[in-house]
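Numbering (this note's numbering), first residue to last: 3 to 199. Just so you know, even glycine gets a beta-carbon here, dropped at the ideal spot from N, CA and C.
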């Protein structure tokens with residue numbers, strides 16, 4: 003088969019390849035398919051970086067004064083109780099990034115966040131109620147992530163997302179940083195009403 007005879011076949015393959023590329027681009031091209039977050043049960047550990055997390059319960063609780071105060075004394079707290087272990091080699095102060103709750107009716111939204119998913123307003127140690135600002139590597143700490151909820155709202159279950167970060171080089175600073183906060187696991191947990199005891 004001569005060079006001239008192969009040319010039409012070559013052009014035909016170029017056209018077919020080009021069409022395949024155009025069609026695949028219309029349906030997302032070669033973009034990676036987003037994997038769904040693993041679904042957990044209460045009490046299961048979600049291991050990862052920069053923290054391991056085990057949700058142990060979700061509760062409605064009343065006043066936790068003097069450690070933390072409700073903006074409106076008639077409101078109550080939604081508390082996601084979790085055991086957290088830092089897996090990074092350094093202490094972490096981004097504790098509020100660990101847990102996110104989705105679509106909780108009556109939640110008091112941060113004025114800068116608006117409606118929607120919400121990070122905890124407060125995080126406290128469950129044993130003594132002290133505020134958590136930093137957690138340290140290798141130590142498992144039982145903490146409560148707190149959201150203020152209006153008094154007429156009593157959720158019976160809550161969707162909780164465990165968030166994770168990626169350790170990578172920052173395009174702004176050229177330093178290795180924990181970036182790309184994204185859901186790592188999800189669970190739907192029943193809510194215990196512990197406001198009166």
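Just to confirm, is the Cβ distance from residue i to residue j under 8 Å?
i: residue 128; j: residue 145; result: yes
i: residue 47; j: residue 188; result: no
i: residue 86; j: residue 60; result: no
i: residue 123; j: residue 69; result: no
i: residue 137; j: residue 81; result: no
i: residue 98; j: residue 53; result: no
i: residue 84; j: residue 109; result: no
i: residue 170; j: residue 64; result: no
Determine the DSSP secondary structure at residue i, reduced to helix, strand or coil.
i: residue 177; result: coil
i: residue 69; result: coil
i: residue 97; result: helix
i: residue 17; result: helix
i: residue 222; result: The first residue shown for the chain is 3 and the last is 199, placing residue 222 beyond what the model contains.
i: residue 153; result: coil
i: residue 106; result: coil
i: residue 123; result: coil
i: residue 146; result: strand
i: residue 172; result: coil
i: residue 141; result: coil
i: residue 185; result: strand
i: residue 44; result: coil
i: residue 166; result: strand
i: residue 91; result: coil
i: residue 55; result: strand
Judging by CA-CA distance, which residue of the options is the nearest neighbour of residue i?
i: residue 107; options: 78, 40, 87 and 67; result: 78
i: residue 155; options: 183, 195, 119 and 168; result: 195
i: residue 92; options: 180, 100 and 119; result: 180
i: residue 186; options: 45, 43 and 50; result: 50
i: residue 172; options: 182, 82, 105 and 191; result: 182
i: residue 163; options: 142, 12 and 43; result: 43
i: residue 193; options: 168, 167, 103 and 176; result: 103
i: residue 88; options: 174, 178, 167 and 198; result: 167
i: residue 100; options: 165, 143 and 126; result: 165
i: residue 142; options: 197, 90 and 151; result: 90
To which residues does DSSP link residue i through a beta bridge?
i: residue 12; result: DSSP output for residue 12 lists no bridge partner at all.
i: residue 61; result: 81 and 194
i: residue 161; result: 104 and 190
i: residue 39; result: According to DSSP, residue 39 bridges with nothing at all.
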